[in-house]
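Student:
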Amino acid sequence: MEFDWSEGDASHREEVRAFLSEELPDDWEEISKDGPGGDRQAAFSKHFCGRMAERGWLTQHWPSEYGGRDATSWRHAIVGEEMWAIGEPRGAQYMNVNWIGPAIMQYGTEEQKAFHLPRISAGGVLWCQGFSEPEAGSDLVALRTQALRVGDEYVINGSKIWTSYCNHAEFIILLVRTDPQSTRHRGISVLLVAMDTPGIEIREIPSVVGERYFHEVFFTDVHVPTSALLGDENQGWGVVSYALQYERAGAARYARAAVTLDRLAEIARERGLLDDPMVVDRLGEARALCEAARVLSYKVIDLRAKGSPPTADTQLARVLGTTCDTAIGTLALELMGPEALEYGSFADANFRLAMTAGVAVGATEVQLNLIASRFLGLPKE
Amino acid sequence: MEFDWSEGDASHREEVRAFLSEELPDDWEEISKDGPGGDRQAAFSKHFCGRMAERGWLTQHWPSEYGGRDATSWRHAIVGEEMWAIGEPRGAQYMNVNWIGPAIMQYGTEEQKAFHLPRISAGGVLWCQGFSEPEAGSDLVALRTQALRVGDEYVINGSKIWTSYCNHAEFIILLVRTDPQSTRHRGISVLLVAMDTPGIEIREIPSVVGERYFHEVFFTDVHVPTSALLGDENQGWGVVSYALQYERAGAARYARAAVTLDRLAEIARERGLLDDPMVVDRLGEARALCEAARVLSYKVIDLRAKGSPPTADTQLARVLGTTCDTAIGTLALELMGPEALEYGSFADANFRLAMTAGVAVGATEVQLNLIASRFLGLPKE
Amino acid sequence: MAFDDGQQAIADALAQFCADRCDDDTVKALAGQAPGPLWRELAELGVLAAGAPGEEGGALEVCAAMEALGAAVFPGPLVGTFLALQVLPAEERDAIADGRRIVSAGRGPLMPFAPQADLFLEIAGESVYRATPTGPVEAVETLGGEPWGRVALERGELLPHAERGLALSEMAAAAYLAAAGARLVADAAEHARTRQQFGHPIGEFQAVAHPLADCQIHLLASRELARSAAYDFDCSDHSDCSDYSSENEIPKFQNAALIARLSARASAVEATHVCHQVFGALGITTEGPAWHVSRRIRQLASQPPGPEVARERILGAIGLGLT
Amino acid sequence: MAFDDGQQAIADALAQFCADRCDDDTVKALAGQAPGPLWRELAELGVLAAGAPGEEGGALEVCAAMEALGAAVFPGPLVGTFLALQVLPAEERDAIADGRRIVSAGRGPLMPFAPQADLFLEIAGESVYRATPTGPVEAVETLGGEPWGRVALERGELLPHAERGLALSEMAAAAYLAAAGARLVADAAEHARTRQQFGHPIGEFQAVAHPLADCQIHLLASRELARSAAYDFDCSDHSDCSDYSSENEIPKFQNAALIARLSARASAVEATHVCHQVFGALGITTEGPAWHVSRRIRQLASQPPGPEVARERILGAIGLGLT
């Protein structure tokens, strides 16, 4: 059997928990109520990530040359589980350390690496991700935002949508079409753009899942130097695919779901609902789902720990994580009866969050297509 | 409000029930155990349908010129509900009266009508339906069985599959390709063939849902006169479409399901399972499903009663009937625990029957495609 | 089952009223607001009065109205009002039917429209009581955008005709839910016809189309069941209706209302799941096409009479069937 | 989680054994038959013995074996045998592990393999008792094609180590169910690749492909959970394993086995529904590719420990999580 938490892993988890109980203020629940995009949590995350960085934990799984400690993926996964379980005090920075940094490591110039990686590793910088567009959701390659090369600059025009956290972000990792004649996967590039570049405007899209969750970002004649290019021009699809593989298994949603489920069970117990076998059965089913999602995520981490390239297992873990979130959100709503309807209540908040599960990271439909084709050899339409 | 059972309808239902309690032997449950294809039920159905015919009920919804009584579709629906609820003592003859007879009425020559309709109306003849082929299931028009015209005869070669009740049938309504160059909907014809014609062979396919349920029928140089043609040559798709519209709303599965559900509830009560709220909830959901299926079937009957052409509502009723059967079969299995595993037990028998619900009459998938297109205007693939 | 001309006229008139006075932007803007001028305008049309015994109209008229209102997700204490009109004495009905007095009907302590309510009805099992607040009403913002309140109630007089009141309000909720669900499905289908992904409208994908079709089936059936329950309710007033289940202990209209509610609740909630999948991120914006509909469905689906009452009644109804 | 070389060798050897000695036709022919020569052949391979405490092997070896056996839907009283080997004293184990004595373990009065059983174990809640028939065994033909019997039992000695026995047998059932489900899905996918309708292989339709993909996800997760439960079971014998949930009252291996069983049961039963839809009429012929698999899944999914035990254990496990 190849997997088990080592002694060191177990004690690392204890260390992380101790650190969390020390660092999180008493009003953490209040601070984190509006999610990572909320002003308070965003501000807190800069302080918090700085503290993590001091311990060397923020990017411990990175190579030491880039500010890491060469720790195993398991160690980093432990941090991820503990952070998610408690409401992600790293705020949006989980994106930096999980996939934006690694993408820069893989494709960046020496200059880009030297500039960006220490900043990410130190915990003081926020990034956002400019991939989706109004006409390009799950189908990212339908993107229209253009960056035309003019001399040693790119001039960007277009817009992005559903951009989380960008109100607080210093940088955006931006997907653009650099060859205006191209279609689909060809002619796409990735740019690393400072959010204070003139011509960038942000509009918040009010969402049901908390403050500052979604935004539109408009680019009007935004000039950036060609040195902002990550990877080769027109070869950006490779860069984004690399990043997405990390993104899709990045969030330990099952850890959050398991904690939610525990609280739900506790509430059910207080209300005497556990006398109802139906309630117990549903809780049991939900628990099995959480554990199933966890164990599939561990497969992905295991591959990563061995340095193997990501496989379609990532999709499995992702779909099951979503299923799990949705199931628990729905269960919360059903168990709490009319009480669940109170805005901001435990059940309400979890239900709203669960609604985003299938939306946030690529449509489940696309992932099921992939699984049908890779695991079952089914033909594509 | 346009629908209600009239006084006469209500008393007709009472008459039918009285008739059933008089005509059905004490060992009816035993007789009907193996379904309409079983030898005993098939034999009984000839006697029983004769008795119904004596009362004028078997084909009461037919025009009087064809042996009917011009009764409303509602009257005939009442008979259908009562028959299905008790396990269909008409055996396979429900097909004769529901759609094979009407198709002959619509498309038959005077000679065909004069020969076949009185026989069906008198209750002494069994028909089966030769539509499906190994390579043509839901996609009927992929059929390959050929009938080549040679002088004033057709020579049939090919095979049919999943043919129910054909072991007892005197006639088959047979879908064949009369233009060997044709594909898909074109070049198909319908023939009315006596099952004792030389060259026809039957093989039973053992099934999990009871004796003599499925068969293969092989046609080897079967000669039939051209007068066996129903409707115009190569225009058979119109005939079969007409028949299928009647077929798909023909069976009052919800009536059977409702009775099954009542028995299941009774068993649950005897076992003290009704203290479990989950069980009650599931029974309630299942009851709501039955009633939903019933009410959609009534819409279809209402259209028919008004002489309107069948609409896509038929598909709705059909899909919901299937859902309902499956839900109750599954519920039976779950409620009964290990007891349900006993072969031939109430739960086992119902579960096996429910398994056929989605199979017997066109794949649900095809019907959902239709609904998506007709009701929601969604584009086809 | 089709409405007669008078009932259809109600549905059509209300659809027009909603189009004129209560479009999506209005619904969104009114979220969390107390029943105001719009509620009184609705009442002046005589829509609420149709739910009072002996008035012009009856359950089918209420059903026709609720279908139109549900399709527009019209806000306000509709369900509680129909309950009140059946259980309160004649002299109290006018002020309610006119929209002057607001009814809060529920199981407490969380009560719908409590901050604005002039009258509290407590539902306990199959009984309905008058109730009086024994303290202040604490306003509660809800998931569904209805202004609720938490309030301690003292139980008062046991009211008559609870079975009719509950049945009428359940039928009304069923009609509203089925219509709101159907409208959500229609909007999602429209989105699926126009939204392109991977070079195709997403409605071409069975993964999108089939769940929508499935919702459509169940919602149409729920609509029919609500109409049928309304018919039975009206019938129960007359002797010339056939009632082949009359041997049962429980009146047919009660069972029919319960069945309609169970069916509508399940199918409308399922429609929110499916349609939010179809709308994707659009669905979770407050400006978007789905949230103001799905939140209302969620709210109405959680309202009393809840599962306990349903369960008791199911136990009574279980032997119904055709026999 | 991958097996080590020894465990993988067991899985491979048993897969070969099943291919040679227990193909689909054999499985179909053996339906309803008492455990016979094939059962003893399996036992002689040492597969059952791996489930006895202190023997060569352990739960992971049992898990590897059950995955291979489940994929072939190998018949016989596997689950009850693993229970017996944990709870019975050493001197009784050999005859069971050799396949000479047949165990019937259940809640009664309907008992698996009862007509042939040499030994009865009664499962009552979390306890296991020896039991003695007080009358004749009435043979019962089952939906799943296993020869069961109805028999009155007298409860005897309370046996030790019930928690280990039940956990091992639950884990074994989970591994078998997950593998049988995965095999059904693989066969259905093969059918979907080749079966043409409307000019396309049906696997192109999302209505076919997506449910299969969904089953695949859940079945793979169930397999991992079973392996993980087996690992925990073996760990619980040693002191060098980390067990970060050790603060809990209930041993980790018990929870893990329960979770694996819940997950495998749900995912395998769902796979039967989905695959029968894919196979259509073919699926309900006894000669066809699905029935002999799905009936076995149905049977194993209904076997004890049943929902009551699961419920009690869930109540205990509910606070587990990561904390």
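Protein chains in written order, with our numbering: chain D, 30 to 410; chain Y, 30 to 410; chain B, 6 to 328; chain S, 6 to 328.
Beta carbons: idealized from backbone N, C-alpha and C, even for Gly.
Classify A77 (chain B) as buried or exposed, calling it buried when 16 or more other Cβ atoms lie within 10 Å of its own Cβ.
Tutor: By 1-based counting over the third sequence, the position of residue 77 (chain B) is 72. Label assigned to A77 (chain B): buried.
Student: Between W57 (chain D) and W86 (chain D), what straight-line distance do the alpha-carbon atoms span, to the nearest angstrom?
Tutor: On the first sequence, residue 57 (chain D) is found 28 positions in, with the first residue counted as 1. On the first sequence, residue 86 (chain D) is found 57 positions in, with the first residue counted as 1. Looking at the two C-alpha atoms, the distance is approximately 20 Å.
Student: In chain order, which continuous runs of the beta strand (DSSP E) of length 3 or greater are located wholly inside the segment 65-105 of chain B?
Tutor: List check, beta strand (DSSP E) in window: nothing returned.
Student: Terminal residues of the continuous beta strand (DSSP E) containing W44 (chain S)?
Tutor: Residue numbering aside, residue 44 (chain S) sits at position 39 when the fourth sequence is read from its first letter. Note, W44 (chain S): premise wrong, no beta strand (DSSP E); alpha helix (DSSP H) at 42-49.
Student: Taking 8 Å as the threshold, find out whether the segment 146-158 of chain S comes into contact with the segment 301-310 of chain S through three or more Cβ pairs.
Tutor: Touching, yes.
Student: Does any CB atom of chain S fall closer than 8 Å to the CB of G79 (chain Y)?
Tutor: Start at 1 with the first residue of the second sequence, and residue 79 (chain Y) comes out as number 50. By this cut-off, G79 (chain Y) is not an interface position.
Student: Is the shortest distance between the beta-carbon of E66 (chain B) and the beta-carbons of chain Y less than 8 Å?
Tutor: The count along the third sequence starts at 1 and reaches residue 66 (chain B) at position 61. Answer no: the Cβ-Cβ gap between E66 (chain B) and chain Y never drops below 8 Å.
Student: What residues of chain S sit near H278 (chain B), judged by a beta carbon separation below 7 Å?
Tutor: Taking the third sequence and counting its residues from 1, one reaches residue 278 (chain B) at position 273. The premise fails here: H278 (chain B) is roughly 15 Å from chain S at the closest Cβ pair, so nothing lies under 7 Å.
Student: Quick check on DSSP: helix, strand or coil for V253 (chain Y)?
Tutor: Against the second sequence, residue 253 (chain Y) aligns to sequence position 224. If DSSP states are grouped into helix, strand and coil, V253 (chain Y) belongs with the strands.
Student: Could you work out which residue in B:E97, B:A295, B:W153 is closest to P120 (chain B) when comparing CA atoms only?
Tutor: The count along the third sequence starts at 1 and reaches residue 120 (chain B) at position 115. Nearest C-alpha to P120 (chain B): B:W153.
Student: Is DSSP giving T340 (chain D) helix, strand or coil here?
Tutor: The residue you call residue 340 (chain D) lines up with position 311 of the first sequence. Three-state result, T340 (chain D): coil.
Student: Anything in the segment 268-295 of chain B with a Cβ closer than 7 Å to a Cβ of chain D? List those residues in chain order, please.
Tutor: From the segment 268-295 of chain B, only H281, Q282, G285, A286, I289, T290, T291, E292 have a Cβ closer than 7 Å to chain D.
Student: Closer than 7 Å by beta-carbon distance: list the chain S residues that pair up with H391 (chain B), in chain order.
Tutor: Nothing about residue 391 (chain B) can be read from this structure; chain B reaches only from 6 to 328.
Student: Does the beta carbon of K335 (chain Y) come closer than 8 Å to any beta carbon on chain B?
Tutor: The sequence position of residue 335 (chain Y) within the second sequence is 306, counting from 1. No, K335 (chain Y) does not count as interfacial toward chain B.
Student: Relative to the alpha-carbon of L225 (chain B), which residue among B:E209, B:I289, B:P206, B:A273 has its alpha-carbon at the smallest distance?
Tutor: Position 220 of the third sequence, counted from the first residue, corresponds to residue 225 (chain B). If we check each option's Cα against that of L225 (chain B), B:A273 comes out closest.
Student: Report buried or exposed for G81 (chain S), applying the criterion of at least 16 other Cβ atoms within 10 angstroms of its Cβ.
Tutor: Here residue 81 (chain S) is taken as the residue at index 76 of the fourth sequence, counted from 1. G81 (chain S) comes out buried.
Student: Flag this pair as yes or no: are the beta carbons of W128 (chain D) and S161 (chain D) separated by less than 8 Å?
Tutor: As a working mapping, residue 128 (chain D) is identified with position 99 in the first sequence. As a working mapping, residue 161 (chain D) is identified with position 132 in the first sequence. It is not a contact, given that the beta carbons lie outside the stated cut-off.
Student: Looking at chain S, is there any beta carbon in it that lies within less than 8 Å of the beta carbon of S61 (chain Y)?
Tutor: Numbered from its first residue, the second sequence carries residue 61 (chain Y) at position 32. Answer no: the Cβ-Cβ gap between S61 (chain Y) and chain S never drops below 8 Å.
Student: Mind listing, in chain order, the continuous beta strand (DSSP E) runs of no fewer than 3 residues lying wholly within the segment 103-128 of chain S?
Tutor: Runs found: 108-111, 115-117.
Student: So A356 (chain D) and F375 (chain D) are supposed to be a Cβ contact under 8 Å. How far apart are they, rounded?
Tutor: Translated into positions along the first sequence, residue 356 (chain D) becomes position 327. Translated into positions along the first sequence, residue 375 (chain D) becomes position 346. Going by Cβ atoms, the distance from A356 (chain D) to F375 (chain D) rounds to 16 Å, so no, they are not a contact pair.
Student: Closer than 9 Å, Cβ to Cβ, to anything on chain B: give me those residues from the segment 347-378 of chain D, in chain order.
Tutor: Listed by position, the residues of the segment 347-378 of chain D near chain B (Cβ gap below 9 Å) are T355, T359, L362, E363, M365, G366, P367, E368, A369, L370, E371, Y372, G373, S374, A376, D377.
Student: In chain Y, what lies closer than 8 Å to G149 (chain S) by C-beta?
Tutor: Looking up residue 149 (chain S) in the fourth sequence gives position 144. Neighbours of G149 (chain S) on chain Y, chain order: L370.
Student: Contact defined as beta carbons within less than 8 Å: I believe V298 (chain S) pairs with A194 (chain S). What is the distance between those atoms, to the nearest angstrom?
Tutor: Indexing the fourth sequence from 1 puts residue 298 (chain S) at position 293. Indexing the fourth sequence from 1 puts residue 194 (chain S) at position 189. No, V298 (chain S) and A194 (chain S) are not in contact; Cβ-Cβ is about 14 Å, not under 8 Å.
Student: Give the DSSP-derived three-state secondary structure of E245 (chain D) in the structure shown.
Tutor: Indexing the first sequence from 1 puts residue 245 (chain D) at position 216. Strand.
Student: Determine the direct distance from the alpha carbon of K257 (chain B) to that of S250 (chain B), and round the result to whole angstroms.
Tutor: For the purposes of this step, residue 250 (chain B) is taken as residue 245 along the third sequence, with counting starting at 1. For the purposes of this step, residue 257 (chain B) is taken as residue 252 along the third sequence, with counting starting at 1. Only weak support is given to the placement of S250 (chain B): the predicted model assigns it a pLDDT of 45, under 50, and the value that follows is read from those uncertain coordinates. Their backbone Cα atoms lie some 7 Å apart in a straight line.
Student: Is S250 (chain B) close to chain S, meaning its C-beta is less than 8 Å from at least one C-beta of that chain?
Tutor: The residue labelled residue 250 (chain B) in the question sits at position 245 within the third sequence. Its pLDDT being 45, under 50, S250 (chain B) is placed unreliably by the model, and nothing is read from it.
Student: Under the DSSP definition of a beta bridge, which residues are partnered with C157 (chain D)?
Tutor: The count along the first sequence starts at 1 and reaches residue 157 (chain D) at position 128. Beta-bridge pairing links C157 (chain D) to D:I201.
Student: Can you name the start and end residues of the alpha helix (DSSP H) that K257 (chain S) belongs to?
Tutor: Position 252 of the fourth sequence, counting from 1, holds the residue named residue 257 (chain S). Its alpha helix (DSSP H) spans residues 257-284.
Student: Verify the CB distance criterion: does N253 (chain B) have a CB-CB separation below 8 Å to chain Y?
Tutor: Residue numbering aside, residue 253 (chain B) sits at position 248 when the third sequence is read from its first letter. Reliability fails at N253 (chain B), whose pLDDT of 46 lies under 50, so the model's placement of it is uncertain and no value is given.
Student: If you pair each beta-carbon of the segment 225-240 of chain B with each one of the segment 227-245 of chain S, do three or more pairs fall below 8 Å?
Tutor: Judged by Cβ distances under 8 Å, the segment 225-240 of chain B makes no contact with the segment 227-245 of chain S, as fewer than three pairs qualify.
Student: Taking only beta-carbon positions, decide if D310 (chain D) is within less than 8 Å of chain Y.
Tutor: Here residue 310 (chain D) is taken as the residue at index 281 of the first sequence, counted from 1. Taking Cβ atoms only, chain Y reaches closer than 8 Å to D310 (chain D), which makes this a yes.
Student: According to DSSP, which residues form a beta bridge with P152 (chain S)?
Tutor: For this step, residue 152 (chain S) is matched to residue 147 along the fourth sequence. Answer is S:E146, bridged to P152 (chain S).
Student: Out of S:R160, S:P216, S:E96, point me to the one whose CA is closest to A110 (chain S)'s CA.
Tutor: Here residue 110 (chain S) refers to the residue found at position 105 when the fourth sequence is read from its first residue. Of S:R160, S:P216, S:E96, the residue nearest in Cα terms is S:R160.
Student: If the criterion is Cβ atoms closer than 8 Å, does the pair Y283 (chain D) and R323 (chain D) meet it?
Tutor: Within the first sequence, numbered from 1, the residue matching residue 283 (chain D) stands at position 254. Within the first sequence, numbered from 1, the residue matching residue 323 (chain D) stands at position 294. Result yes, Cβ atoms of Y283 (chain D) and R323 (chain D) sit closer than 8 Å.
Student: How far does the beta strand (DSSP E) with N186 (chain Y) in it reach, from first residue to last?
Tutor: Residue numbering aside, residue 186 (chain Y) sits at position 157 when the second sequence is read from its first letter. From DSSP, the beta strand (DSSP E) with N186 (chain Y) extends over 182-190.
Student: Please list, in chain order, the chain Y residues whose beta carbon lies closer than 8 Å to that of Q308 (chain S).
Tutor: On the fourth sequence, residue 308 (chain S) is found 303 positions in, with the first residue counted as 1. Near Q308 (chain S) (Cβ distances below 8 Å), the residues of chain Y are P367.
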